[in-house]
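Participant:
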Amino acid sequence: MSEEEPSGLLAARRAKLERLRADGVDPFPHAYPGVVATATVHERHADLPDGEETEARYRVAGRLAARRGQGKMAFLDLVDRSGRLQLQARRDVLGEEAMERLLSLDLGDLIGVDGTALRSRRGELTLRVDDFAILAKSLRPPPDKHHGLQDVETRYRQRELDLIANEDTRALFLLRARIVSAVRRALDEAGFVEVETPVLQPLYGGALARPFVTRFNALDRDFYLRIATELYLKRLVVGGLEKVYELGKDFRNEGLSPKHNPEFTMVEWYEAYADYGDQAKRLEALVHSVAQQVGYEGELDFTPPWRRVTLRDAILDHTGIDVLALRSRDALAEAIGDRLPTEDRNWPQLVDDLLSKYVEPKLIQPTIVMDYPVELSPFAKAHRDPAQEGVVERFEAFCQGMELANAFTELNDPDDQRARFEAQVRYAEAGDEETQPFDELFLAALEHGMPPTGGLGMGIDRLVMVLSGRRSIREVVLFPAMRD
RNA sequence: GCCCUCGUAGCUCAACUGGUAGAGCAGGAGACUUUUAAUCUCACGGUUGAAGGUUCGAGUCCUUCCGGGGGCACCA
Numbered sequence: 001m002s003e004e005e006p007s008g009l010l011a012a013r014r015a016k017l018e019r020l021r022a023d024g025v026d027p028f029p030h031a032y033p034g035v036v037a038t039a040t041v042h043e044r045h046a047d048l049p050d051g052e053e054t055e056a057r058y059r060v061a062g063r064l065a066a067r068r069g070q071g072k073m074a075f076l077d078l079v080d081r082s083g084r085l086q087l088q089a090r091r092d093v094l095g096e097e098a099m100e101r102l103l104s105l106d107l108g109d110l111i112g113v114d115g116t117a118l119r120s121r122r123g124e125l126t127l128r129v130d131d132f133a134i135l136a137k138s139l140r141p142p143p144d145k146h147h148g149l150q151d152v153e154t155r156y157r158q159r160e161l162d163l164i165a166n167e168d169t170r171a172l173f174l175l176r177a178r179i180v181s182a183v184r185r186a187l188d189e190a191g192f193v194e195v196e197t198p199v200l201q202p203l204y205g206g207a208l209a210r211p212f213v214t215r216f217n218a219l220d221r222d223f224y225l226r227i228a229t230e231l232y233l234k235r236l237v238v239g240g241l242e243k244v245y246e247l248g249k250d251f252r253n254e255g256l257s258p259k260h261n262p263e264f265t266m267v268e269w270y271e272a273y274a275d276y277g278d279q280a281k282r283l284e285a286l287v288h289s290v291a292q293q294v295g296y297e298g299e300l301d302f303t304p305p306w307r308r309v310t311l312r313d314a315i316l317d318h319t320g321i322d323v324l325a326l327r328s329r330d331a332l333a334e335a336i337g338d339r340l341p342t343e344d345r346n347w348p349q350l351v352d353d354l355l356s357k358y359v360e361p362k363l364i365q366p367t368i369v370m371d372y373p374v375e376l377s378p379f380a381k382a383h384r385d386p387a388q389e390g391v392v393e394r395f396e397a398f399c400q401g402m403e404l405a406n407a408f409t410e411l412n413d414p415d416d417q418r419a420r421f422e423a424q425v426r427y428a429e430a431g432d433e434e435t436q437p438f439d440e441l442f443l444a445a446l447e448h449g450m451p452p453t454g455g456l457g458m459g460i461d462r463l464v465m466v467l468s469g470r471r472s473i474r475e476v477v478l479f480p481a482m483r484d
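For the first sequence, the working numbering begins at 1 and goes up steadily by one.
1. D344 to A380, Cα distance in whole Å?
2. Give every residue of the same chain whose Cβ lies closer than 8 Å to the Cβ of L236, excluding the five residues on either side of it in the sequence, and list them in chain order.
3. Is it right to say I179 is buried, meaning 16 or more other beta carbons lie within 10 angstroms of its own, or is it exposed?
4. Quick one: grab the DSSP three-state call for E80.
5. Let's test the definition: count the other Cβ atoms within 10 Å of the Cβ of L441 and tell me whether it reaches 16, buried, or not, exposed.
6. Taking the straight line between their C-alpha atoms, what separation do you get for L340 and L332?
7. Evaluate D317 with the Cβ neighbour count: other Cβ atoms within 10 Å of its Cβ, from every protein chain shown; 16 or more gives buried, anything less gives exposed.
8. Here's the rule: buried if 16 or more other CB atoms are within 10 angstroms of the residue's CB, otherwise exposed. What is E4?
9. On the premise that A428 lies in contact with T435, defined as a C-beta separation below 8 Å, what is that separation, rounded to the nearest angstrom?
10. Hey, quick one: how far does the beta strand (DSSP E) through G206 stretch, first residue to last?
11. Which of the three DSSP states is assigned to V35 in this structure?
12. Just verifying my parser: in three-state terms, what is the DSSP assignment at A380?
13. So the alpha helix (DSSP H) V466 belongs to, where does it begin and stop?
14. Do G457 and A407 have their C-beta atoms closer together than 9 Å?
15. Inspect the beta-carbon positions of Y276 and G454 and report whether they are closer than 9 Å.
16. Suppose you measure from the CA of S2 to the CA of G8; what does that come to, to the nearest Å?
17. Could you please give me the residues that DSSP links to L350 through a beta bridge?
18. Taking 9 Å as the cut-off, decide whether the C-beta atoms of V294 and A182 are in contact.
19. Would you grab the beta carbon distance between L64 and L76 for me? Rounded to a whole angstrom, and I think it's under 8 Å.
20. Identify every residue that forms a DSSP beta bridge with A22.
21. Would the beta-carbon of A490 fall within 9 Å of that of L103?
22. List in chain order: all unbroken alpha helix (DSSP H) runs of 4+ residues lying wholly within the segment 130-174.
23. Using C-beta distances below 8 Å, list every residue in its chain close to G469, excluding the 5 sequence neighbours before and after it, in chain order.
24. Take the Cβ of L411 as the centre, count every other Cβ of all protein chains shown within 10 Å, and call the residue buried at 16 or more, exposed below.
25. Specify, as a first and last residue, the run of the alpha helix (DSSP H) that I315 falls within.
26. Spatial neighbours of M482 within its chain, please: CB distance less than 7 Å, with the 5 preceding and 5 following residues excluded, ordered by chain position.
27. Along the chain, where does the beta strand (DSSP E) that runs through I111 open and close?
28. For the alpha helix (DSSP H) that E124 lies in, which residues bound it at each end?
29. Helix, strand or coil: how does DSSP classify M370 here?
30. Pick out whichever of L241, L203, I227 and K137 has its Cα sitting closest to the Cα of A272.
31. Would you kindly check if the distance between the Cβ of V113 and the Cβ of R59 is under 9 Å?
32. Rounded C-beta distance between I368 and G401? I'm assuming under 8 Å.
33. What would DSSP say about V238, mapped onto helix, strand or coil?
34. Please report the straight-line C-alpha distance between V290 and Q150, rounded to a whole angstrom.
35. Name the DSSP bridge partner or partners of L219?
36. Which two residues bound the contiguous alpha helix (DSSP H) that contains K281?
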């Protein structure tokens, strides 16, 4: 598979590959047992004084990241997942042949080293190379060893290069892994059972979004990639699993933005015999705990309780408009005036517009916005306070100017749920493309009886954005969606 | 889909009002036994995203297309 290589860089590496083979060295050996992390070597000799040598031998492996040649002695930097370790190669230790082979290595080659720990006169912990092996020859030049890889497009399209070249990228995705682990651990310890529900669904639901459509050949019909796990998880609560969660990918067929990737990771949990107030407490405690476990040190204060405000008051504070006093589309549109385009927007859409344009960007510290209009929330239970007519028990948590989580006291009255589906169908007939399709199987499940239940969904990518201070979801997704 | 903006060597970046593309790193040859972005010498490295156009002359100006980033729309 040859291609243009204007600088002859590929040819030079190919030539080295052939030279290795000619010398009887396998450039792609099968395994290299007994490797320890470079961080382990650093930990074991943290107190070694400058200029001191030891008898301690280690086998490490990783990518050759830098080289400082010196004729009869050379220093090399080896990078593995845990960090970086300096190697010292001496002609008098290795002998002529091995020294020449080591000096002919390219940056980017994967090597394994057996060596003896010492600390150089300049204070750098170093492994003197007693023996080494090429573990995989690199046939392409790596990114710049000092500047790393800066080109945003290449960083996203070839994330492996970003990970090779940029230590903060490695740290970020290790952080992401610890965040996901901590979320799972918190739910496991709280007695939730992790489940897996279908990604390929004959009918989508659980959120207001357009789905991806795919073809199921054997059944000769279209299926949908899930937009949420909500409805299947609630069927499991009906089934008696009581406390369930799923952490996985959802897919929404919508535009790209710094806050939206068409496939994203969501955790949803459902808890029998609990309400949305319980979920708010669980969310606060969980995020606070996760932040502590991963060593979050940013500006955001996750200490419970978070600020709470009703949606009505939040919009009133930021716009002067009382949406609950203006329950008709036209009255609300008139109050909005020319602040937002109101044509072709129905009442719930206008409320949502006010929230996302005037309130959401201002919510930097963690904030829980409670009590939404029923029209925006087809799966949330009506407010227990009869005075709160048209309002459901739902909250969204916001942080760093974006939505982090969405929760409600789940609607478990099957007749009410049926009426909500019917309302969604009416919105669809009026042209709304993001309505909730009618789900008879879900209704049948509710008719068997679902306990009072509180549920919550939280965007994992956004949690990682918040805890890492990243402003684009593409920074926290390994392979974000890109054009061909 | 619309608007703004960016695209130069493998990587990181230069190139005044249009004057014929340059450096560091990497790679090649060589020197060097404690370097830390090692240093030094020499040579090499380009379809300036693509295709057109204006001009005596285009990296630079214009048009279209491709891709990235930001914004709008869509959007949770």
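No residue lacks a Cβ here, since even glycine has one placed at the ideal position from N, Cα and C.
Facilitator: With the structure as the only source:
1. In the first sequence, the residue the question calls residue 344 occupies position 344. In the first sequence, the residue the question calls residue 380 occupies position 380. D344 and A380: Cα-Cα distance of roughly 25 Å.
2. Within the first sequence, numbered from 1, the residue matching residue 236 stands at position 236. The answer, listed in chain order, is V195, T197, V244 and Y270.
3. Against the first sequence, residue 179 aligns to sequence position 179. Buried is the call here.
4. Along the first sequence, one-based indexing puts residue 80 at 80. Looking at the sequence provided, one finds Asp at residue 80 rather than Glu. Looking at D80 - three-state DSSP - the assignment turns out to be strand.
5. As a first step, residue 441 must be located in the first sequence, where it is residue number 441. When all chains shown are included, L441 counts as exposed.
6. Working through the first sequence from its first residue, we reach residue 340 at position 340. Working through the first sequence from its first residue, we reach residue 332 at position 332. CA-CA distance, L340 to L332, rounds to 11 Å.
7. In the first sequence, counting from the first residue as 1, residue 317 sits at position 317. D317 is exposed by the Cβ-count criterion.
8. Against the first sequence, residue 4 aligns to sequence position 4. For E4, the predicted model reports a pLDDT of 39, less than 50, meaning its position is unreliable and no value from the coordinates is stated.
9. By 1-based counting over the first sequence, the position of residue 435 is 435. By 1-based counting over the first sequence, the position of residue 428 is 428. Their Cβ separation, rounded to whole angstroms, is 4 Å, which keeps T435 and A428 in contact under 8 Å.
10. Sequence index remark: in the first sequence, residue 206 carries index 206 (1-based). That residue, G206, is in no beta strand (DSSP E); it is neither H nor E in DSSP.
11. For the purposes of this step, residue 35 is identified with residue 35 of the first sequence, where counting begins at 1. The answer is coil: DSSP assigns V35 none of H, G, I, E or B.
12. The residue labelled residue 380 in the question sits at position 380 within the first sequence. Correct three-state label for A380: strand.
13. Translated into the one-based positions of the first sequence, residue 466 becomes position 466. In the DSSP annotation of this structure, the continuous segment of the alpha helix (DSSP H) that includes V466 starts and ends at I460 to S468.
14. As a position in the first sequence, residue 457 is number 457, starting the count at 1. As a position in the first sequence, residue 407 is number 407, starting the count at 1. Cβ distance < 9 Å, so G457 and A407 count as in contact.
15. The sequence position of residue 276 within the first sequence is 276, counting from 1. The sequence position of residue 454 within the first sequence is 454, counting from 1. Yes.
16. By 1-based counting over the first sequence, the position of residue 2 is 2. By 1-based counting over the first sequence, the position of residue 8 is 8. Any reading at S2 is ruled out, since the residue's pLDDT is 34, under 50, leaving its predicted position unreliable.
17. Sequence index remark: in the first sequence, residue 350 carries index 350 (1-based). Bridge partners of L350: none, in fact.
18. Taking the first sequence and counting its residues from 1, the one referred to as residue 294 is at position 294. Taking the first sequence and counting its residues from 1, the one referred to as residue 182 is at position 182. Yes, the pair counts as a contact, with Cβ atoms nearer than the cut-off.
19. Your numbering for residue 64 matches position 64 in the first sequence. Your numbering for residue 76 matches position 76 in the first sequence. Right, the Cβ-Cβ distance comes to about 6 Å (below 8 Å), so this counts as a contact.
20. One-based indexing of the first sequence puts residue 22 at position 22. None, per the DSSP bridge assignment.
21. The structure shown has nothing for residue 490, since the chain only spans 1 to 484.
22. Taking only runs of at least 4 residues, the alpha helix (DSSP H) segments lying wholly in the segment 130-174 are 152-157 and 159-165.
23. What you label residue 469 is simply residue 469 of the first sequence in a count that begins at 1. Answer for G469: G298, listed in chain order.
24. Residue numbering aside, residue 411 sits at position 411 when the first sequence is read from its first letter. Per the 10 Å Cβ criterion, buried.
25. What you label residue 315 is simply residue 315 of the first sequence in a count that begins at 1. Segment L311 to T319, the alpha helix (DSSP H) holding I315.
26. Here residue 482 refers to the residue found at position 482 of the first sequence. Excluding sequence positions up to five before and after M482, its CB lies within less than 7 Å of the CB of Y156 and R157, all in the same chain and listed in chain order.
27. Start at 1 with the first residue of the first sequence, and residue 111 comes out as number 111. Boundaries of the beta strand (DSSP E) harbouring I111: L110 to R119, taken from the DSSP string.
28. By one-based count along the first sequence, residue 124 stands at place 124. Where E124 is concerned, there is no enclosing alpha helix (DSSP H), given that its DSSP letter is neither H nor E.
29. For the purposes of this step, residue 370 is taken as the residue at position 370 of the first sequence. In the structure shown, M370 sits in a strand (DSSP, three-state: E or B).
30. Within the first sequence, numbered from 1, the residue matching residue 272 stands at position 272. Out of L241, L203, I227 and K137, L241 has the C-alpha closest to the C-alpha of A272.
31. Counting from one through the first sequence, the residue named residue 59 turns up at place 59. Counting from one through the first sequence, the residue named residue 113 turns up at place 113. Less than 9 Å separates the beta-carbon of R59 from that of V113.
32. Mapped onto the first sequence, residue 368 falls at position 368. Mapped onto the first sequence, residue 401 falls at position 401. Actually they do not touch by this definition, with Cβ atoms about 15 Å apart.
33. Along the first sequence, read from residue 1 onward, the residue named residue 238 stands at position 238. If DSSP states are grouped into helix, strand and coil, V238 belongs with the helices.
34. Within the first sequence, numbered from 1, the residue matching residue 290 stands at position 290. Within the first sequence, numbered from 1, the residue matching residue 150 stands at position 150. A direct Cα-Cα distance of roughly 30 Å separates V290 from Q150.
35. As a working mapping, residue 219 is identified with position 219 in the first sequence. As DSSP reads the structure, L219 sits in no beta bridge.
36. Position 281 of the first sequence, counted from the start, is the residue given in the question as residue 281. From DSSP, the alpha helix (DSSP H) with K281 extends over Y276 to Q293.
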